[in-house]
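Worksheet: one structure, shown below.
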Amino acid sequence: MRAARNTSIAATAPRVIIVPGIMGSQLGLKRRAPLPPDILWIDPVDIAAGRLELLKPAADDGVVSLGVVLYTYLR
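When we follow our numbering, the leftmost residue of the sequence shown carries the number 2, and every step to the right adds one.
Rendered as structure tokens:
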């Protein structure tokens with residue numbers, strides 16, 4: 002890992018973009034206990050209601066990773 006960190010990257014090297022929330026993690030807004038988090042991704046009701054706009058990059062919007070989609074990773 003240290004060797005990778007210290008290795009320079011060529012300008013022509015392919016780039017990999019890791020997008021949280023695609024096929025494995027949940028994104029949403031934390032709420033005060035005892036309320037559960039408000040999951041935006043992947044929640045079909047919020048998607049249908051147009052709330053995915055909350056996922057656009059913005060400073061201090063409150064959207065955080067809420068962990069993995071359990072039914073995907075429990076196996």
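Virtual Cβ for every residue (Gly too), placed ideally from N, Cα, C.
For residue j and residue i, the rounded distance between their alpha carbons
i	j	result
Arg32	Trp42	16 angstroms
Val46	Thr13	42 angstroms
Ala11	Ala50	43 angstroms
Leu71	Val17	25 angstroms
Supposed close pair residue i, residue j - CB separation, criterion 8 angstroms
i	j	result
Asp39	Leu30	4 angstroms
Same chain, Cβ closer than 8 angstroms to residue i, neighbours up to 5 away in sequence not counted
i	result
Gly68	Ser26, Gln27
Asp62	Leu55
Val65	Leu28, Gly29, Leu30, Lys31
Residue interval of the alpha helix (DSSP H) (run including residue i)
i	result
Ile40	Looking at the DSSP string, Ile40 is not in any alpha helix (DSSP H); the run it does join, the beta strand (DSSP E), is 39-42.
Residues near residue i by beta carbon distance below 6 angstroms, same chain, minus five either side
i	result
Ala34	none
Boundaries of the beta strand (DSSP E) in which residue i is found, first to last residue
i	result
Val65	64-69
One or two residues paired with residue i in a DSSP bridge
i	result
Gly29	Ile40, Val65
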